[in-house]
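S.K.: After the structure tokens below, expect a handful of questions from me.
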Amino acid sequence: MSRPEHIAPPELFYNDTEAKKYTSNSRIAAIQAEMTLRAVELLSLGDDGPYYLLDIGCGSGLSGEILDEDGHIWAGMDIAPSMLDIAADKDVEGDLFLQDIGQGMGFRPGTFDGAISISVLQWLCNADKKENKPRYRLQRFFSTLFMSLQRGARAIFQFYPENDLQIEMIMGIAMKCGFTGGLVADYPNSKKARKFYLCLFAGQAAPGQKQDLPKGLGSEEADNGIAYTDARIQTQRRGKTSRKSVKDTASWILHKKELSRKRGKEGVPLDSKYTGRKRKPKF
Amino acid sequence: MRLITHNMLKCHVKNCTDPDKQFPLRFKDVQLEQIDAERNDEFLVRMLPRIDWPALSKTTKELDIILPETVPGNPENDEEFLQALHTAILETHIKQGSMLCDGCGHEYKITNGIPNMLLAEHEI
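Heads up: the protein sequence lines correspond to chains Z and D, in order.
Per our numbering, the first sequence starts with residue 5, numbered consecutively.
Per our numbering, the second sequence starts with residue 15, numbered consecutively.
Rendered as structure tokens:
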């Protein structure tokens with residue numbers, strides 16, 4: 005399956021049909037909810053009651069609903085009108101904006117206590133229109149986002165990086181715009197369960213208060229050492245060799261004795277019920 | 015869109031940087047809707063320093079919403095003030111209309127409560 009961002013720009017890819025499919029798919033909804041909860045956890049907000057948050061690429065409000073449940077006041081933006089219409093119909097409590105994040109944020113300095121973004125950042129790396137330059141757009145996005153966050157606030161991006169080069173480009177530009185932080189990988193060794201969260205810190209809340217990068221889930225397992233099961237390797241016994249060869253069966257013995265008698269050999273033993281019978285081991 | 019977020023908005027058109035003009039965005043032909051919301055005093059008190067009070071005052075006057083001219087000295091204990099603030103910024107929704115930037119003249123249209131912040135090519 006090719007990556008969605010290679011098929012069409014997001015405002016065309018997420019048309020009415022696709023938007024409806026995306027939102028009503030319970031598997032996608034469950035995964036988005038899980039990733040939103042993890043992103044909010046990585047935000048490391050305090051306990052002092054609801055905060056003012058930004059949901060970048062809020063889409064049809066799957067992530068916004070989680071923020072509503074936690075009681076946060078939030079604003080969200082997305083470039084696909086069909087997705088935003090669904091969010092509006094769902095009556096999410098956040099303020100929705102039809103916006104292209106590559107054109108920059110339009111908020112006053114220090115507006116938000118934190119920002120989350122679920123499955124969005126990879127869309128920003130594509131040159132969809134001729135005048136789009138991904139690096140310029142990323143720079144515009146990160147520099148305006150940095151300003152719109154309170155000092156010490158975090159921005160958590162769950163996204164699907166295409167390759168290492170893309171990760172390097174994104175992180176390089178984010179650092180140039182003043183962010184610190186890094187990439188947190190959950191379950192890095194599982195191809196299916198692996199999730200990447202770009203954790204960016206917008207400065208420090210107080211001078212000298214260094215922020216630590218959170219640890220990824222599933223990273224405590226030893227990834228050196230070979231997985232080994234202590235089971236004796238059984239040689240495979242093929243069907244034919246396990247049975248007695250044709251040569252020694254009773255019918256074959258009788259057949260050979262008959263042949264010998266016909267050829268005139270003398271002294272061929274008489275046939276009885278003991279012919280070709282299995283002997284005891286002591287023989 | 016609620017008034018609290020409108021108070022945080024500024025025009026992000028390229029070269030529109032005059033702070034007096036790019037903020038606040040002026041409303042035009044708006045339709046309002048009041049939707050009840052749960053009040054949280056801690057949140058209101060925390061957001062007070064972030065809110066630009068002169069701008070909020072100017073905007074609420076334009077929309078005929080009652081709000082004190084200045085923030086009282088002890089807002090945490092002023093019940094009346096907190097209730098008025100809560101109703102104004104968290105319960106007042108702009109459903110239709112547009113916002114104008116006095117600096118560059120860009121008009122941001124609002125439909126179904128969702129403002130259109132997309133810029134033209136020459137404004138990026």
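Even glycine gets a Cβ: it sits at the ideal position worked out from N, Cα and C.
Every value quoted in this text rests on a predicted model; they were computed, and no experiment measured them.
Apart from the five residues on each side of it in sequence, which residues of its chain come closer than 6 Å, Cβ to Cβ, to N29 (chain Z)?
M.R.: none
S.K.: Taking DSSP as the reference, what is the three-state secondary structure of C25 (chain D)?
M.R.: coil
S.K.: Starting from E172 (chain Z), trace the alpha helix (DSSP H) both ways and give me its first and last residue.
M.R.: D168 to K180
S.K.: Can you find a C-beta in chain Z that's less than 8 Å from the C-beta of T19 (chain D)?
M.R.: Yes, its Cβ sits closer than 8 Å to a Cβ of chain Z.
S.K.: Which residues, in chain order, does the segment 38 to 54 of chain Z contribute to contact with chain D at a C-beta distance below 9 Å?
M.R.: D52, G53 and P54
S.K.: Name the two residues that bound the continuous alpha helix (DSSP H) containing L258 (chain Z).
M.R.: A254 to K266
S.K.: Please list the terminal residues of the continuous beta strand (DSSP E) segment that includes N119 (chain Z).
M.R.: The sequence as given places Ala at residue 119 (chain Z); Asn does not occur at that position. Its beta strand (DSSP E) spans residues F116 to I122.
S.K.: Report yes or no: is there a C-beta of chain D within less than 8 Å of the C-beta of T21 (chain Z)?
M.R.: No, T21 (chain Z) does not count as interfacial toward chain D.
S.K.: Tell me, which residues are paired with M113 (chain D) by DSSP?
M.R.: D:F41 and D:Y122
S.K.: Determine, using beta carbons only, whether M87 (chain Z) and G63 (chain Z) come nearer to each other than 8 Å.
M.R.: yes
S.K.: List the residues of chain Z that R16 (chain D) touches, going by C-beta distances under 7 Å, in chain order.
M.R.: Ordered by position in chain Z, the residues that pass the 7 Å Cβ test against R16 (chain D) are D99.
S.K.: Please compile the residues from chain D whose C-beta is within a distance smaller than 7 Å of the C-beta of Q103 (chain Z).
M.R.: M131 and L132
S.K.: Here's the rule: buried if 16 or more other CB atoms are within 10 angstroms of the residue's CB, otherwise exposed. What is S276 (chain Z)?
M.R.: exposed
S.K.: Could you give the DSSP three-state label for I160 (chain Z): helix, strand or coil?
M.R.: strand
S.K.: For F200 (chain Z), which three-state DSSP category applies?
M.R.: strand
S.K.: How many whole angstroms separate the CB atoms of I70 (chain Z) and T21 (chain Z), which I take to be in contact at a CB cut-off of 8 Å?
M.R.: Cβ-Cβ separation between I70 (chain Z) and T21 (chain Z): approximately 25 Å, too far for a contact (criterion under 8 Å).
S.K.: With V188 (chain Z) as the anchor, note down where its beta strand (DSSP E) starts and where it stops.
M.R.: T184 to D190
S.K.: Taking just the CA atoms, how far does T84 (chain D) sit from P139 (chain D)?
M.R.: Limits of chain D in this structure are 15 at one end and 138 at the other, which puts residue 139 (chain D) out of reach.
S.K.: Say whether chain D places a C-beta atom closer than 8 Å to the C-beta of T115 (chain Z).
M.R.: yes
S.K.: Quick one, which of Z:L142, Z:K286 and Z:F183 has its alpha-carbon nearest R158 (chain Z)'s?
M.R.: Z:F183
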